[in-house]
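Numbering (full-length UniProt numbering), first residue to last: 1 to 165.
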C-alpha cells in the first residue's frame, strides 16, 4: 500500500466522495447520516483541507483503500496536540491492515510536525477500539449518546489519547 499526503483534492475528489458514501452506507459514525448524497460527500471533501487539517490516503493498485486526517489545534496553548479524524477504510480493503498503516503514518507525520499528544474518539461498540488499544491509545472516558450512527441510533463515544513525544 502506498500512503501519501493530499494537499489538493482535485483528481481524488470523486473517489473520495464514493469512499465516504460507502463507509456511511455501511453504518460508520462519520458525522453524516445515510443515505449520504454525492453532493454532500463532494462538498465535504471540497472544504476539508486547511492549515489545521492534513489528509492522507492509502492506495492499493492505484485505488483509494482508506483515508485518515490530522486536525491540528489552532489554540495557542494546544499547538502540541492533534486529533486523528475520519480514519476510514473501503469495505473492499478491510482486514488488510489499511487502517493500522494509515494510523501509524498519521502518528509519524504528527511527530515530524512536533506534536506530542494525539486524541481521537470512536463509537464504544465499534471494531476500531481494538485497533486503537493495540496501537497504544489509552481510553480516558466515554460519553453516552455522544453521536448517532449513520442510521440515527445514538451511540456511546469512547475517547482516547496517546503521548507520542
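Positions of the beta carbon are idealized from the N, C-alpha and C atoms, including for glycine.
Asked, Found
"Give me, in chain order, the residues of the same chain whose beta-carbon lies closer than 7 angstroms to that of residue 141; leave out the 5 immediate sequence neighbours on both sides.", "159"
"From this set, 149, 115, 85, 15, which residue's C-alpha is nearest residue 27's C-alpha?", "149"
"Does the contact criterion of 3 or more C-beta pairs under 8 angstroms hold for the segment 86-98 versus the segment 63-75?", "yes"
"Is the segment 124-141 close to the segment 73-82, with three or more CB pairs under 8 angstroms?", "no"
"Three or more C-beta pairs under 8 angstroms: does that hold for the segment 35-47 against the segment 94-108?", "no"
"Kindly indicate which three-state DSSP category residue 151 falls into: helix, strand or coil?", "coil"
"Tell me whether residue 139 sits in a helix, a strand or coil according to DSSP, three-state version.", "strand"
"Where does the unbroken beta strand (DSSP E) through residue 5 begin, and where does it stop?", "2-6"
"Exposed or buried, residue 81, counting other C-beta atoms within 10 Å across all chains shown (16 or more means buried)?", "buried"
"How about residue 98 and residue 58: are their beta carbons less than 7 angstroms apart?", "yes"
"Secondary structure at residue 166, three-state DSSP: helix, strand or coil?", "Residue 166 lies beyond the residue range present for the chain, which begins at 1 and ends at 165; the question has no answer from this structure."
"Rounded to the nearest angstrom, what separates residue 120 and residue 84 at their Cα positions?", "5 angstroms"
"For residue 107 and residue 54, I'd like the C-alpha separation in whole angstroms.", "12 angstroms"
"What three-state label does DSSP hand residue 36 in the structure shown?", "coil"
"Which residue spans inside the segment 107-133 form an unbroken beta strand (DSSP E) run of at least 3?", "117-123"
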